[in-house]
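J.: Chains as they are written, first to last, in this note's numbering: chain X, 386 to 730; chain Y, 386 to 730. Note that beta-carbon positions come from the ideal geometry of N, C-alpha and C, so glycine has one too.
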DNA sequence: TTTATTTACGCAAACGTTGCCAAAATAAAC
DNA sequence: GTTTATTTTGGCAACGTTTGCGTAAATAAA
């Protein structure tokens, strides 16, 4: 029934030579005569010989697979990142093992443990909103697994990183709002401990400063689970709007939060942009079809995944441990939509 | 530098017993005395022993990993399916190796070959729009790899399948349009060879028949790459609309095509639903925020992935080869939006 | 012819497990 | 106190590779 794949042993037996000769012939070793090589290579092609990756792994102690820890696959941003990762990994002959933290620190630790036990060669990670302790990552690093962090990086851990220019993105979009006469701009973000939150907040602050506006803390709100929990975003938005000091614009720091705003405004029939302008970071490719079309900071997600994977594989395959780390920063793109139309004064 | 994981050998040496005793003690074999078991288990815990999955795989010829072939990860439908697959797979201790066909038959064949060479235990697949020859799948099956097809199944291949009730979904949405007084309903779909196209077309036809309407072939259009190629959908839509026989409603057979319609209408300033109603299959979770909100047939994508993975793992782990195949059909949900508002007569 | 050199290949160990068989060690039966 | 049964353990091979080392045969130099 089951068709067993040909092994080096089979070839050796069939050709009446030793397994080592076959192995060396296939790897084009100089020790083997051209005639024998030809014989072996031809026969191998004939029986469709494919080296058994598992045996290879056992021997070389390299599994040719990399682990990935992301908050959630079905988040558009991460699914595009994974797309990029898969492409690069496949190109270099690596498998990708994906795990999801669902924005939980516990899950993230479990994932790190799971990946370590699955004998990966290295790891790509974007930390959860709940993570403040990074020892599960340093553990991995100490056990010899290189880690490349992307997007939500762990700032004080060593290693390569790939991020977008978060500060610049937030600065640009906030400046855009300011130029369009908005002055009471709310900032809705993941928890402040998260790298992307901190950076984006910097950009937001910088833009306000250029207009001589002080940060109004009552307009800065955090969603501690990136809006994963039921009504989490709605609750925070209520706080923001059931208030005398209402904003006239919002910057959503993530895809989920930006969309949550839009849904909230629709639910409570708050007109965008007439009553409030809406902008934010988003990676959906249909923000132009939303109602209204959204002004967003777009991130090169796929490219980020590809670069992170390449960096990781480069590290894995380098002979000597690196001491210099690369910190790639990708540019963002501001896509202007109807949701931030100039405010009439 | 590199911290090497403890092996059974290390434990055996440290405890002065043989590797086989350690192995059996850890697997709680009845042959080992309680005292020894305790000793071994304690020590193993102490050094944080984790069995090496690669050595295990080599021994048992099971890799505990499954392959997945999908058209494209960043397609929302498939990323949700993969979410489900990952959850089920992780639960049962399996890795998932994802490959993308990008709607190309060549890629799909390559993927099948790649997966086979990576020693997977089984495979989940959703075939590309371009696939008419299924021999790369039957090859895998003959080599002993069970395959579970989902969504876009290969109808005449044996094996478990998981689909949604495609016919019913198309029937419901078409009936909805008919009830709302639309009569010239276009059907925009992937190529007719594709399983989901055929089934959905059946449902569409059935609904028309109930209203005594014959299928107008000029209102049935196919996109041979699910709209992956530049302007493919636009070109087809032009054919549909630069015509005397214009439709008054469209049923998009896939997520991509439905969205492509909306974009087309926006670009050419065709008002939805005043000039044309738009409905279709879609798995985006923000169809309610589109302009206008979309009437869609929603599929339980995550559940589909989970069930398909469970079915596959069940097959892999069953002792005797199955002869009975399960064909799961999941119900769809019709979400009504503004895009198909009753037509004023 | 003898000795040195090269060429081409085979042997065996190793990677971390498990499974089979046999060997101790202990317990039970006579 | 021997024989037999039972429990507990160790040794070895195997999974499919790669690789260091050894060596026979072929060739070249003496």
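1. Give me the DSSP bridge partner(s) of residue 715 of chain X.
2. Any contact between the stretch 708-723 of chain Y and the stretch 674-685 of chain Y? By contact I mean 3 or more CB pairs, one from each, below 8 Å.
3. Around the C-beta of residue 567 of chain X, are 16 or more other C-beta atoms found within 10 angstroms, so that it is buried, or is it exposed?
4. Could you tell me whether any Cβ in chain X is nearer than 8 Å to the Cβ of residue 492 of chain Y?
5. Taking the beta strand (DSSP E) that residue 507 of chain X falls in, what are its first and last residues?
6. For residue 714 of chain Y, which residues from the same chain have a beta carbon less than 6 Å from its beta carbon, with the 5 sequence-adjacent residues on both sides left out?
7. Which two residues bound the contiguous beta strand (DSSP E) that contains residue 534 of chain Y?
8. To the nearest whole angstrom, what separates the beta carbons of residue 694 of chain X and residue 474 of chain X, a pair I think is in contact under 8 Å?
9. Assign residue 410 of chain Y to one of three DSSP states: helix, strand, or coil.
10. Return yes when the Cβ of residue 603 of chain Y is within less than 8 Å of the Cβ of residue 465 of chain X, no when it is not.
11. Counting C-beta neighbours from all protein chains within 10 Å, is the total for residue 577 of chain Y 16 or more, i.e. buried, or is it exposed?
12. Strictly below 7 Å CB to CB, what residues from chain X border residue 647 of chain Y?
13. Decide yes or no for the touch test of the stretch 654-666 of chain X against the stretch 620-637 of chain X: beta carbon pairs closer than 8 Å, at least 3 of them.
14. Nearest chain X C-beta to residue 489 of chain Y closer than 8 Å, yes or no?
15. At 3 residues or longer, what runs of the beta strand (DSSP E) sit wholly inside the stretch 442-505 of chain X?
16. Nearest chain Y C-beta to residue 636 of chain X closer than 8 Å, yes or no?
17. Using a Cβ-Cβ cutoff of less than 6 Å, which residues in the same chain neighbour residue 572 of chain Y once the five nearest sequence positions on both sides are dropped?
18. Name, in chain order, the residues that DSSP records as bridge partners for residue 683 of chain X.
19. If you measure between the beta carbons of residue 421 of chain Y and residue 406 of chain Y, is that distance less than 8 Å?
20. Chain X partners of residue 471 of chain Y, CB-CB under 8 Å?
21. Pick from Y/621, Y/614, Y/395 and Y/452: whose alpha carbon is nearest that of residue 433 of chain Y?
22. Under DSSP, the alpha helix (DSSP H) around residue 569 of chain Y begins and ends at which residues?
23. Alpha carbon to alpha carbon, what distance is there between residue 533 of chain Y and residue 451 of chain Y?
24. Would you check if there are 3 or more beta carbon pairs closer than 8 Å linking the stretch 493-504 of chain X to the stretch 437-455 of chain X?
25. Under 8 Å, Cβ to Cβ, is there at least one residue of chain X near residue 651 of chain Y?
26. Go to residue 643 of chain Y, then tell me how far its alpha helix (DSSP H) extends in each direction, as first and last residue.
27. In the DSSP assignment, find the unbroken alpha helix (DSSP H) run with residue 522 of chain X in it and report its ends.
28. With contact counted as at least three CB pairs below 8 Å, one residue from each stretch, are the stretch 468-483 of chain Y and the stretch 409-417 of chain Y in contact?
29. Just the chain Y side, please: which residues come within less than 7 Å of residue 440 of chain X by C-beta, in chain order?
30. Going by C-alpha to C-alpha distance, which of X/560, X/536 and X/530 sits closest to residue 736 of chain X?
31. Check the DSSP bridge columns for residue 626 of chain X and list the partner residues they point to.
32. Does the Cβ-Cβ distance between residue 594 of chain X and residue 560 of chain X come in under 8 Å?
33. In the DSSP output, what is residue 662 of chain X paired with across the bridge?
34. Residues of chain X with a CB under 8 Å from the CB of residue 503 of chain Y: which are they?
35. Among X/687, X/431, X/660 and X/510, which residue has its Cα nearest to the Cα of residue 728 of chain X?
36. DSSP three-state label for residue 607 of chain Y, please.
T.: So, to answer that:
1. Working through the first chain from its first residue, we reach residue 715 of chain X at position 330. Answer is X/549, bridged to residue 715 of chain X.
2. yes
3. On the first chain, position 182 is the one that residue 567 of chain X refers to. So residue 567 of chain X ends up on the buried side.
4. In the second chain, counting from the first residue as 1, residue 492 of chain Y sits at position 107. No, because no Cβ of chain X sits closer than 8 Å to the Cβ of residue 492 of chain Y.
5. The residue labelled residue 507 of chain X in the question sits at position 122 within the first chain. Counting along the chain, the beta strand (DSSP E) containing residue 507 of chain X begins and ends at 507-510.
6. Position 329 of the second chain holds residue 714 of chain Y. Counting only Cβ-Cβ distances below 6 Å, and skipping sequence neighbours, we find 548 and 550.
7. On the second chain, position 149 is the one that residue 534 of chain Y refers to. Run containing residue 534 of chain Y: 532-535, per the beta strand (DSSP E) assignment.
8. Walking along the first chain from the start, residue 694 of chain X turns up at place 309. Walking along the first chain from the start, residue 474 of chain X turns up at place 89. Residue 694 of chain X to residue 474 of chain X, Cβ: 5 Å. Contact.
9. As a working note, residue 410 of chain Y is residue 25 in the second chain. DSSP places residue 410 of chain Y in helix when its eight states are reduced to three.
10. In the first chain, residue 465 of chain X corresponds to position 80, counting from 1. In the second chain, residue 603 of chain Y corresponds to position 218, counting from 1. No, the pair does not count as a contact, with Cβ atoms beyond the cut-off.
11. The sequence position of residue 577 of chain Y within the second chain is 192, counting from 1. Per the 10 Å Cβ criterion, exposed.
12. One-based indexing of the second chain puts residue 647 of chain Y at position 262. Correct list: 674.
13. yes
14. As a first step, residue 489 of chain Y must be located in the second chain, where it is residue number 104. So, not an interface residue.
15. 450-455 and 480-485
16. Walking along the first chain from the start, residue 636 of chain X turns up at place 251. Answer no: the Cβ-Cβ gap between residue 636 of chain X and chain Y never drops below 8 Å.
17. Mapped onto the second chain, residue 572 of chain Y falls at position 187. Closer than 6 Å at Cβ, skipping near neighbours: 589, 605 and 636.
18. Within the first chain, residue 683 of chain X is the residue found at index 298, counting from 1. Answer is X/718.
19. Residue mapping note: residue 421 of chain Y aligns to position 36 of the second chain, counting from 1. Residue mapping note: residue 406 of chain Y aligns to position 21 of the second chain, counting from 1. The answer is yes: Cβ separation under 8 Å.
20. Numbered from its first residue, the second chain carries residue 471 of chain Y at position 86. Those are 458, 483, 484 and 485, listed as they occur along chain X.
21. In the second chain, counting from the first residue as 1, residue 433 of chain Y sits at position 48. Per the Cα distances, Y/395.
22. Against the second chain, residue 569 of chain Y aligns to sequence position 184. No alpha helix (DSSP H) holds residue 569 of chain Y; DSSP gives it neither H nor E.
23. Translated into the one-based positions of the second chain, residue 451 of chain Y becomes position 66. Translated into the one-based positions of the second chain, residue 533 of chain Y becomes position 148. One C-alpha to the other measures close to 11 Å.
24. yes
25. Residue numbering aside, residue 651 of chain Y sits at position 266 when the second chain is read from its first letter. It does: the Cβ of residue 651 of chain Y has a partner Cβ on chain X nearer than 8 Å.
26. Taking the first residue of the second chain as position 1, residue 643 of chain Y is located at position 258. Here the alpha helix (DSSP H) through residue 643 of chain Y covers 640-652.
27. Counting from one through the first chain, the residue named residue 522 of chain X turns up at place 137. First-last of the alpha helix (DSSP H) with residue 522 of chain X: 520-527.
28. no
29. Translated into positions along the first chain, residue 440 of chain X becomes position 55. In chain order: 443.
30. Because residue 736 of chain X is not part of the residues shown, which for chain X are 386 to 730, the question remains open.
31. Counting from 1 along the first chain, the entry for residue 626 of chain X is found at position 241. Answer is none; residue 626 of chain X lacks a bridge partner.
32. The residue given as residue 594 of chain X occupies position 209 in the first chain. The residue given as residue 560 of chain X occupies position 175 in the first chain. Cβ distance not < 8 Å, so residue 594 of chain X and residue 560 of chain X don't count as in contact.
33. Here residue 662 of chain X refers to the residue found at position 277 of the first chain. DSSP lists X/634 as partners of residue 662 of chain X.
34. The residue labelled residue 503 of chain Y in the question sits at position 118 within the second chain. Within chain X, the residues near residue 503 of chain Y are 438 and 480.
35. Stepping through the first chain from its first residue, residue 728 of chain X is reached at position 343. If we check each option's Cα against that of residue 728 of chain X, X/660 comes out closest.
36. Taking the first residue of the second chain as position 1, residue 607 of chain Y is located at position 222. In the structure shown, residue 607 of chain Y sits in a strand (DSSP, three-state: E or B).
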